[in-house]
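Be aware that the sequence shown starts at 183, since it is given in the numbering used here, and climbs by one per residue. Cβ coordinates follow ideal geometry from the N, Cα and C atoms, glycine included. Below is one structure, written out as structure tokens; the observations come after it.
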Amino acid sequence: MNYWKRALSINIKIILTLILLLLIFLISPVGRPAYKAFLLVSESVPNFPIKPLNLLTKNPRVEQIEFRLENKNVNAALYRPAVEGKHPAIIFTLGILFSRDNPNVVKFAQALARTGYVVLVPDLPDFLTGFVWTDSIDTLIASVEYLDGQEFVNKDKIGFTGFCVGGSAAIIASENEKIAKKLILLPLFPHIMILYLYRKLLF
Numbered sequence: 183m184n185y186w187k188r189a190l191s192i193n194i195k196i197i198l199t200l201i202l203l204l205l206i207f208l209i210s211p212v213g214r215p216a217y218k219a220f221l222l223v224s225e226s227v228p229n230f231p232i233k234p235l236n237l238l239t240k241n242p243r244v245e246q247i248e249f250r251l252e253n254k255n256v257n258a259a260l261y262r263p264a265v266e267g268k269h270p271a272i273i274f275t276l277g278i279l280f281s282r283d284n285p286n287v288v289k290f291a292q293a294l295a296r297t298g299y300v301v302l303v304p305d306l307p308d309f310l311t312g313f314v315w316t317d318s319i320d321t322l323i324a325s326v327e328y329l330d331g332q333e334f335v336n337k338d339k340i341g342f343t344g345f346c347v348g349g350s351a352a353i354i355a356s357e358n359e360k361i362a363k364k365l366i367l368l369p370l371f372p373h374i375m376i377l378y379l380y381r382k383l384l385f
């Protein structure tokens with residue numbers, strides 16, 4: 183009998199120790215982004231065995247907004263975390279023929295917002311028609327200026343995430359003197375974007 187009590191006591195201590203170590207890891211500089219990256223990947227990757235993000239986070243706020251660009255309006259989708267406060271912000275620069283209403287774009291933007299990011303997905307009219315021109319560059323510059331003026335955005339943590347030709351547009355836009363000093367991030371390749379994104383925006 184004493185043997186089983188002792189074995190049970192040892193097992194409980196091991197479990198509690200593992201839980202404590204896990205908690206310490208999750209609040210550490212390495213564990214926190216790793217935890218958020220896991221939640222994001224589990225939600226975004228098709229057929230991932232578990233998807234805890236929706237259970238652990240609140241629905242993001244989603245708005246269809248307009249902001250001015252010289253003599254015209256820019257339409258965009260804005261995703262915000264449910265939690266109040268200032269958050270890092272990401273501007274999606276999509277590729278040719280991809281709109282902000284694309285289901286994959288919406289899903290990824292919502293997942294990012296659930297993990298604590300403001301996400302702005304502006305329409306890039308020339309890209310939507312399959313024609314690459316300077317209009318998109320101006321739109322991206324205006325997008326940064328819009329986010330820089332919002333109270334819910336951490337103005338020290340605004341960046342682009344470029345997909346396909348949108349990455350090239352983001353590079354050109356980021357060189358503009360109006361916004362160059364406001365940006366902290368310019369990921370160039372989608373397959374390494376997530377890790378670099380979290381590392382730069384969290385610290």
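Check the C-beta distance from residue i over to residue j and give it rounded, since I have them as a contact under 8 Å.
i: A324; j: F249; result: 6 Å
i: A264; j: P242; result: 6 Å
i: I278; j: V347; result: 6 Å
i: L329; j: L302; result: 6 Å
i: A182; j: L235; result: With the chain covering only 183 through 385, there is no way to say anything about residue 182.
i: E333; j: K360; result: In fact, because the Cβ distance is near 20 Å, the residues do not count as touching under 8 Å.
Alpha carbon to alpha carbon, what distance is there between residue j and residue i?
i: N257; j: L251; result: 10 Å
i: K364; j: F345; result: 20 Å
i: V300; j: I340; result: 9 Å
i: L268; j: D308; result: Sequence check: residue 268 is Lys here, not Leu. If I take the Cα positions, the gap works out to 32 Å.
i: N284; j: L310; result: 12 Å
i: I196; j: V335; result: 42 Å
i: I247; j: R282; result: 12 Å
i: Y261; j: N255; result: 19 Å
i: A355; j: G331; result: 18 Å
i: I232; j: G298; result: 20 Å
i: P304; j: I366; result: 19 Å
i: F385; j: A352; result: With a pLDDT of 40 at F385, under the threshold of 50, the predicted position of this residue should be treated as unreliable, though the coordinate-derived value follows. F385 and A352: Cα-Cα distance of roughly 22 Å.
i: E245; j: K337; result: 20 Å
Given a threshold of 16 other Cβ atoms within 10 Å of its Cβ, counted over all protein chains shown, does residue i qualify as buried or as exposed?
i: T171; result: Since the displayed the chain opens at 183 and closes at 385, residue 171 lies outside it and no answer follows.
i: R188; result: exposed
i: T239; result: buried
i: G349; result: buried
i: S191; result: exposed
i: L198; result: exposed
i: H373; result: Note on H373: pLDDT 43, under 50, position unreliable in the model; no value is reported.
Going by C-alpha to C-alpha distance, which of the options sits closest to residue i?
i: A295; options: I278, D283, S281 and P270; result: P270
i: T316; options: N358, F342, N229 and I194; result: N358
**Inter-stretch contact (C-beta, 8 Å, three-pair minimum) for the segment 315 to 323 and the segment 286 to 293** = no
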